[in-house]
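Line by line, the protein sequences give chains R and Y.
The first sequence maps to residues 1 to 463 in the numbering used here.
The second sequence maps to residues 464 to 698 in the numbering used here.
Don't be surprised by glycine CBs; every beta carbon is placed ideally from N, CA and C.
One structure below.
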Amino acid sequence: MSFVSQFKSLASEKTRDLRHRSVIRTALRSYEVVRDKRKAAFQSWESARQAAAETKWEAINHLDTHLESLVSKLESRGTKVHWASNSAQAREIISQILRDKKARSIIKSKAMTSEEIHLNHALEKEGFTVVESDLGEFIVQLRHEPPYHIVFPSMHLTRGEIKDLFQKELGDAPSDSPEELTMVARRVMRQKYIQADVGFTGGNFAIAETGMISITENEGNARLTAALPKTMVTLMGIEKVLPRFSDLALFLPMLATAGAGQPMTCYNTMYSGPRQPGECDGPEEWHVILLDNRRTELLADAEQRDSLHCIRCGACLNVCPIFRNVGGHTYGTTYSGPVGAVITPHLRGLQDWKHLSNASSLCGACTEACPVKIDLHHHLLQNRRNASASEPAFFEKLAYKIFAIVANEPAFWSLAKKIGWLTQPLQSLVKGSALDPAKAWTKTRDLPPQPLESFKDWWKNRQ
Amino acid sequence: MKNTGNILSEREKILGRIREALKISAPLPGSHGEVATHAHAESPASHAREWLPSVGASSVEQFDLFAKNAADLKADFQLFSSRDELSAALKKISAAEKWSRIASHDGELSNFASASLGLPVLLTDKGYDVQEMEKCDAGISECDALIAQTGGVVVTSRSAGGRALSVLPPHHIVIARREQLVPDLPAAFALLQQKYAPDFPSMISFITGPSRTGDIERILVLGAHGPKKLTVLCF
Numbered sequence: 001m002s003f004v005s006q007f008k009s010l011a012s013e014k015t016r017d018l019r020h021r022s023v024i025r026t027a028l029r030s031y032e033v034v035r036d037k038r039k040a041a042f043q044s045w046e047s048a049r050q051a052a053a054e055t056k057w058e059a060i061n062h063l064d065t066h067l068e069s070l071v072s073k074l075e076s077r078g079t080k081v082h083w084a085s086n087s088a089q090a091r092e093i094i095s096q097i098l099r100d101k102k103a104r105s106i107i108k109s110k111a112m113t114s115e116e117i118h119l120n121h122a123l124e125k126e127g128f129t130v131v132e133s134d135l136g137e138f139i140v141q142l143r144h145e146p147p148y149h150i151v152f153p154s155m156h157l158t159r160g161e162i163k164d165l166f167q168k169e170l171g172d173a174p175s176d177s178p179e180e181l182t183m184v185a186r187r188v189m190r191q192k193y194i195q196a197d198v199g200f201t202g203g204n205f206a207i208a209e210t211g212m213i214s215i216t217e218n219e220g221n222a223r224l225t226a227a228l229p230k231t232m233v234t235l236m237g238i239e240k241v242l243p244r245f246s247d248l249a250l251f252l253p254m255l256a257t258a259g260a261g262q263p264m265t266c267y268n269t270m271y272s273g274p275r276q277p278g279e280c281d282g283p284e285e286w287h288v289i290l291l292d293n294r295r296t297e298l299l300a301d302a303e304q305r306d307s308l309h310c311i312r313c314g315a316c317l318n319v320c321p322i323f324r325n326v327g328g329h330t331y332g333t334t335y336s337g338p339v340g341a342v343i344t345p346h347l348r349g350l351q352d353w354k355h356l357s358n359a360s361s362l363c364g365a366c367t368e369a370c371p372v373k374i375d376l377h378h379h380l381l382q383n384r385r386n387a388s389a390s391e392p393a394f395f396e397k398l399a400y401k402i403f404a405i406v407a408n409e410p411a412f413w414s415l416a417k418k419i420g421w422l423t424q425p426l427q428s429l430v431k432g433s434a435l436d437p438a439k440a441w442t443k444t445r446d447l448p449p450q451p452l453e454s455f456k457d458w459w460k461n462r463q
Numbered sequence: 464m465k466n467t468g469n470i471l472s473e474r475e476k477i478l479g480r481i482r483e484a485l486k487i488s489a490p491l492p493g494s495h496g497e498v499a500t501h502a503h504a505e506s507p508a509s510h511a512r513e514w515l516p517s518v519g520a521s522s523v524e525q526f527d528l529f530a531k532n533a534a535d536l537k538a539d540f541q542l543f544s545s546r547d548e549l550s551a552a553l554k555k556i557s558a559a560e561k562w563s564r565i566a567s568h569d570g571e572l573s574n575f576a577s578a579s580l581g582l583p584v585l586l587t588d589k590g591y592d593v594q595e596m597e598k599c600d601a602g603i604s605e606c607d608a609l610i611a612q613t614g615g616v617v618v619t620s621r622s623a624g625g626r627a628l629s630v631l632p633p634h635h636i637v638i639a640r641r642e643q644l645v646p647d648l649p650a651a652f653a654l655l656q657q658k659y660a661p662d663f664p665s666m667i668s669f670i671t672g673p674s675r676t677g678d679i680e681r682i683l684v685l686g687a688h689g690p691k692k693l694t695v696l697c698f
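Structure follows, in structure tokens:
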């Protein structure tokens, strides 16, 4: 099945699923309340957004110098930095590290980049044990499915479903209380941290000035992942840089506010190296892998370059009427929602993924929600334009050509009107069926009846 | 050596693609398509203090704000007028939770706090057994700053007994002095830069409340992987 037909069939299934709709609505309603409260606590959220956008602009438009500074600082403190142009290279670098270290078990904290390169699957195929430590990621890993949302991976599940899952997979689920279920995961994970050979993390920000990688999390799982195993591996997109250490004073509270309606995420931790002389714990080795994976192609498109400003807060997903109805899995992409619809055509091919840019009401809620002011809904339009320019749809072009001829010639126009009047009653007989030429539109919509008297006739009769 | 060659060339390839891409300038945000000609003289985020949540001018206001924020985060904050009061309060917590052993690190305040309890102490400074730390009832550490704006604390691998002490035991106790309160996040970053640059500790962590998750139906649960309780004792 092509990506577009898969999207369409899943979308029509999910939009009819009332249970799904109510779970998502409940989850996002509580988010909206706290997010608005936190935004209101800012003295000026708008000025903060503008400054954040300008800071990311500066970072992305001088990406080469910032990356060089970041890497030389990281290396000067003993960190091993690797560069990967694509997923296969990144997977190979990570596998090689694990083989060198004779590692068996890997504890992972949440990283969307690892979803992007399908890391777990590759490592498991090689015989490594991979455990996701973020609770939501752990839950979807047990279900053998990708995260539903980039920030809230298991938001599509109810506590009852999670209880049944834990009962089946872990044989331990005392009740369906979120508290007790969380404690089950805590118990399972504790020993895994201590026994793991390698800790794997993503990164939220990379500071060019000081050579640090900042990780944002609520659970403490990334803190433990970066503290206990002897080897630490961090995979991060090249676009994550910020110029200065002090920029975090703005970005950390903004990420927390836009992403989850928190004043600050519970743990914001900056790592600048493996265990240093005089320190009592931490990994002996730290490997940082910088991933391109076609981000440089997005960079080359100056019009849409600002989509690399994305800090993956998920705010645009949360407000998107399409996301809220079709759900996260329907997209079939690592990054879903408006930002996913914008960047996926660049990362995975315009013709295969242009349908995501069409699945939009262009309401602009995403652009308004974005803390770094990415012009998301205009980029959706640009993707549509680029897609039809590079591969015009034959029938669409033909239809517009015919329309132009008819609309330019009054005689043709009035003939078309007459045909419309005459065939109108037939339309209601075939509406939405295979015989209806406008089926794609009329399947779920009514065609307004064509009035017997047109405006032109009405005007003429009045004179 | 072949491997090294590949790594270097991948770096050069990626940087090459970046430089090629950046030959065309992108419009500045909010400029409606106007192409930028020069970068800002000062950093765009340098006025962050004026946009972030306000903190009040006096230290009394800032302590009140810290207390309010800490309470919202479900952290326990207690302010004392003397060390002795602090150690009495610590003993009370220890008795209530029936601690039998604690983890801590070498430091003026942390030594004073753990000595006042008279319990077996696992010190992290010279290395430690992780399984042993896992069995401790509480981790007692110092910190680099308390932040009024967030109700959180800043710890580092150098000032707070390493990376695990503040996350592995189920209860994290922070011992701080009043002077360690800073008004806001920009002040906390300035303080860290002044104190450590360029030789930063390998880990700097902004801890804002006890460990938490909302991954099950977005309902808040404390103690997901890190400590279930965070107590800040300040004098």
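Distance, Cα to Cα, residue 191(R) vs residue 551(Y)? Their Cα atoms are separated by approximately 34 Å.
Exposure of residue 282(R), with buried meaning 16 or more beta-carbon neighbours within 10 Å: Result: buried.
In chain order, what residues of the same chain have a beta carbon less than 8 Å from the beta carbon of residue 563(Y), not counting five sequence neighbours either side? Same-chain partners within the cutoff: 582, 583 and 600.
Mind reading off the beta-carbon distance from residue 374(R) to residue 310(R)? Whole number of angstroms is fine, and I expect it under 8 Å. Sure, about 6 Å apart at Cβ, within 8 Å.
Only counting the same chain, and skipping five residues up and downstream in sequence, which positions put a Cβ closer than 8 Å to that of residue 577(Y)? Sequence-distant partners of residue 577(Y) (beyond 5 residues in either direction) whose C-beta falls short of 8 Å from its own C-beta, in its chain, are 565, 567, 584 and 603.
Using a Cβ-Cβ cut-off of 8 Å, state whether residue 204(R) counts as contacting chain Y. Not an interface residue.
With contact counted as at least three CB pairs below 8 Å, one residue from each stretch, are the region 647–657 of chain Y and the region 239–250 of chain R in contact? With three or more CB-CB distances shorter than 8 Å, the region 647–657 of chain Y counts as touching the region 239–250 of chain R.
Would you list, in sequence order, the uninterrupted alpha helix (DSSP H) runs of no fewer than 4 residues that lie entirely inside the region 584–639 of chain Y? Within the region 584–639 of chain Y, the runs of alpha helix (DSSP H) at least 4 residues long that lie entirely inside it are, in chain order, 593–597.
Give me the residue from 448(R), 414(R) and 232(R) with the minimum Cα distance to residue 79(R). It is 232(R) whose Cα lies nearest to the Cα of residue 79(R).
Please tell me whether residue 616(Y) and residue 518(Y) are closer than 8 Å, where the distance is taken between their beta carbons. Taking 8 Å as the Cβ cut-off, residue 616(Y) and residue 518(Y) do not qualify as a contacting pair.
I need the DSSP call for residue 463(R), collapsed to helix, strand or coil. Coil, per DSSP.
Would residue 263(R) count as contacting chain Y if we go by Cβ distances under 8 Å? Yes - at least one Cβ of chain Y is within 8 Å of the one on residue 263(R).
Under three-state DSSP, which class holds residue 80(R)? Correct three-state label for residue 80(R): strand.
From the beta carbon of residue 642(Y), is the nearest beta carbon of chain R less than 8 Å away? No - not a single Cβ of chain R is within 8 Å of the one on residue 642(Y).
Taking residue 231(R) as the query, report the chain Y residues whose CB atoms sit under 8 Å from its CB, ordered along the chain. Simply none; closest approach about 14 Å.
Where residue 192(R) sits in the DSSP three-state scheme: If DSSP states are grouped into helix, strand and coil, residue 192(R) belongs with the helices.
Quick check on residue 384(R) - is its C-beta less than 8 Å from some C-beta in chain Y? Answer no: the Cβ-Cβ gap between residue 384(R) and chain Y never drops below 8 Å.
Determine which residues of the region 651–674 of chain Y have a Cβ less than 9 Å from any Cβ of chain R, and write them out in chain order. So the list reads 651, 652, 653, 655, 656, 660, 661, 662, 663, 664, 665, 666, 667, 668, 669, 670, 671, 672, 673 and 674, given in the order they occur along the chain.
Report buried or exposed for residue 389(R), applying the criterion of at least 16 other Cβ atoms within 10 angstroms of its Cβ. So residue 389(R) ends up on the exposed side.
For the beta strand (DSSP E) that contains residue 6(R), what are its first and last residues? Unbroken run through residue 6(R) is the alpha helix (DSSP H), 3–15; no beta strand (DSSP E).
Could you give the uninterrupted runs of the alpha helix (DSSP H) lying entirely in the region 254–317 of chain R, keeping only those of 4 residues or more? Here the runs fully enclosed are 295–300.
How would you label residue 457(R), buried or exposed, when you count the other beta carbons within 10 angstroms and need 16 or more for buried? With fewer than 16 other Cβ atoms within 10 Å, it is exposed.
Spell out whether any CB of chain R is found under 8 Å from the CB atom of residue 598(Y). It does not: the Cβ of residue 598(Y) has no partner Cβ on chain R nearer than 8 Å.
Excluding sequence positions up to five away, which residues of its chain have a Cβ less than 7 Å from the Cβ of residue 17(R)? Correct list: empty, nothing qualifies.
Report the three-state DSSP secondary structure of residue 112(R) (helix, strand or coil). In this structure, residue 112(R) counts as helix in the three-state DSSP scheme.
What's the C-alpha gap between residue 336(R) and residue 461(R)? C-alpha separation (whole angstroms): 54 Å.
What alpha helix (DSSP H) runs, 4 residues minimum, are completely inside the region 357–381 of chain R? Counting only runs of 4+ residues, the alpha helix (DSSP H) found wholly inside the region 357–381 of chain R occupies 365–369, in chain order.
Taking one C-beta from the region 36–48 of chain R and one from the region 512–531 of chain Y each time, how about it: are there three or more such pairs within less than 8 Å? With the cut-off at 8 Å, the region 36–48 of chain R and the region 512–531 of chain Y touch.
If I measure Cβ to Cβ from residue 690(Y) and keep anything under 7 Å in the same chain, skipping five residues before and after, which residues do I get? Setting aside the 5 residues that flank it on each side, residue 690(Y) is surrounded in the same chain by 630, 632, 633, 634, 635, 673 and 674, each with a C-beta closer than 7 Å to its C-beta; the list follows chain order.
Count the other CB atoms within 10 Å of the CB of residue 473(Y); is the residue buried (16 or more) or exposed (fewer)? Residue 473(Y) counts as buried, since no fewer than 16 other beta carbons sit within 10 angstroms of its beta carbon.
Would you identify the three-state DSSP class for residue 128(R), choosing helix, strand or coil? DSSP places residue 128(R) in coil when its eight states are reduced to three.
Buried or exposed by the 16-neighbour rule on C-beta atoms within 10 Å, applied to residue 479(Y): Taking every protein chain shown into account, the CB of residue 479(Y) has fewer than 16 other CB atoms within 10 angstroms, so this residue is exposed.
Give a yes or no on whether 8 Å exceeds the smallest Cβ distance from residue 452(R) to chain Y. Judged by the 8 Å Cβ criterion, residue 452(R) is not in contact with chain Y.
List the residues of chain Y whose Cβ lies closer than 7 Å to the Cβ of residue 92(R), in chain order. The contact set of residue 92(R) on chain Y, defined by CB atoms closer than 7 Å, is empty, because the minimum CB distance reaches about 10 Å.
What residue from 459(R), 288(R) and 34(R) has the CA that sits closest to residue 258(R)'s CA? If we check each option's Cα against that of residue 258(R), 34(R) comes out closest.
Within a Cβ cutoff of 8 Å, which residues of the same chain sit near residue 264(R), ignoring the five residues on either side of it in sequence? Cβ within range, chain order: 252, 253 and 256.
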